[in-house]
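What follows is the structure in structure tokens.
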């Protein structure tokens, strides 16, 4: 078993320190970590790695939360969220997708295994995990790729999902057409390979070259620098967490499969329609400074699912849960309390015990108030990770300027 360490931020006792000094103090307190031992669930294609927190106090009535990471990272990317959520009385799980983190095929895949690393395969893995390991309906939260997976699982298996949290969810995945939607002779003539392992040698060589060009420290640092609004939110620890899994012997094969895997059976918009049809609660927490999933994407989701609660975080990039954990943890906990009728995940309603683990306080609305209010209402959070104030603004999904209007009415129609 592997020991995984996750951060549990503590409140500062010195209320008159400067923001910079407070940031230094809080970063030093990151060394006080919640120790979590990695666990494994044997799935049909190989062992699935996951971590779990809050099990000791959990009962059959305790709300469970499943955290889904983005592509190329692992469950460790939620190290700033698992502790605070579990401390608030929730039973928290974070999982590695097959071919990511510490979840890998336990043998060289054969054609008969029909293994392709795709949205549909990972969705099957996730629902199997929910049924077999968690064993009860869950709240599910996903960042980037994890967001698309969260909506896919919720739309297909709504009876197992109590609510969905999207953190800068990607609205698309893969460029290859889904062969299930094509005429047999067309798919064989135009799309001869659909990501099933093992890959044909020429395609494996293409995938390997691309894979090897990506898995070096400077490339990873450059990518993180581009997608985080503040470089102080990440360091060598995250770089190593990303790079270590790339040394696995199946790395090149898995990446080739991902590269040529088909689009999912259902589009992102179709999965959102499924959530709305089944009245599954939805919380949107989107970093405004994301260079990939920029604000118009979050606005589009809000317009499609009108009852969703949508907060825009700034400054924050593609991974708000890791870059602005105090704000994200607080907003998730308040939203969960609202979904549970004020009962929260534990005996204190999900706010009391968690408030100490969430870090510094909130300026603006009261901490215990459930998300809501008028468009443009703003909360301010201090983030020890960066030493900055972060604003969480409640949005209604409508474009705010000409550029957003053009994007909403052209590219995103």
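In the UniProt record's numbering, the protein residues as written are 1 to 413. Using N, Cα and C, we set each Cβ at its ideal position, and we do this for glycine too. Here the structure is a predicted model, which means the values were calculated and not measured.
Only residues of its own chain outside the window of five on either side were considered, and among them 217, 220, 221 and 224 have a CB closer than 8 Å to the CB of residue 239, listed in chain order.
Secondary structure note for residue 47: its beta strand (DSSP E) is the uninterrupted segment 46-53.
Out of 113, 139 and 51, the CA that lies nearest to the CA of residue 65 is found in 139. Counting along the chain, residue 71 sits inside no alpha helix (DSSP H), nor does DSSP assign it H or E at all. About 11 Å separates the beta carbon of residue 333 from that of residue 165, a gap too long to meet the 8 Å contact definition. By the neighbour-count criterion, in which 16 or more other beta carbons inside 10 Å mark a residue as buried, residue 247 falls on the exposed side.
The region 240-326 contains, as complete beta strand (DSSP E) runs of 3+ residues, the segments 282-287 and 309-314 (chain order). Your pair residue 57 and residue 83 does not check out as a contact, with CB atoms roughly 14 Å apart and the cut at 8 Å.
Classified as buried, residue 168 has 16 or more neighbouring CB atoms from the shown chains inside 10 Å of its CB.
Inter-segment contact for the region 313-325 and the region 230-237 is present: three or more beta-carbon pairs are separated by less than 8 Å.
In terms of CA proximity to residue 308, 394 leads the group 118, 394 and 253. Inclusion of residue 133 and residue 242 in the CB contact set at 7 Å is not warranted, their separation being larger than that value. DSSP, reduced to helix, strand and coil, places residue 57 outside both helices and strands of the structure shown, so it counts as coil.
Residue 379 is bridged by DSSP to 392. Taken through DSSP and simplified to helix, strand or coil, residue 209 comes out as helix. Per the Cβ contact rule, the region 385-401 is in contact with the region 297-315 (3 or more Cβ pairs under 8 Å).
The Cβ atoms of residue 115 and residue 99 lie no closer than 7 Å to each other. Assignment of residue 173 by DSSP, reduced to helix, strand and coil, places it in the coil class. Contact check between the region 38-48 and the region 283-303: fewer than three CB pairs, one atom from each, fall below 8 Å, which does not count as touching.
No Cβ-Cβ contact shorter than 7 Å links residue 151 with residue 267. A direct Cα-Cα distance of roughly 34 Å separates residue 197 from residue 162. Counting of Cβ neighbours within 10 angstroms places residue 277 among the exposed residues, the total staying below 16.
A Cβ-Cβ separation of about 23 Å leaves residue 402 out of contact with residue 391 under the 8 Å criterion. Per DSSP, residue 221 is one residue of the alpha helix (DSSP H) stretching across 217-227. Among the bridge pairs identified by DSSP, residue 91 is matched with 64. Judged by beta-carbon spacing, residue 407 lies within the 7 Å limit of residue 296, meaning their Cβ atoms are closer than that value. For residue 143, the three-state secondary structure derived from DSSP is strand. With 16 or more other Cβ atoms from the protein chains shown falling within 10 Å of its own Cβ, residue 301 counts as buried. Shortest Cα-Cα distance from residue 265 to any of 104, 149 and 386 involves 149. With a beta-carbon spacing of about 4 Å, residue 327 and residue 381 fall inside the 8 Å limit used to define contacts. In this structure, residue 260 places its C-beta atom within 7 Å of the C-beta atom of residue 193. With respect to the 7 Å criterion, residue 70 and residue 146 are classified as neighbours on the basis of their beta carbons. Here residue 244 is exposed. Its C-beta has fewer than 16 other C-beta atoms within 10 Å. Residue burial annotation: residue 61 is exposed, with fewer than 16 other C-beta atoms found within 10 angstroms of its C-beta.
It is roughly 16 Å from the alpha-carbon of residue 285 to the alpha-carbon of residue 85.
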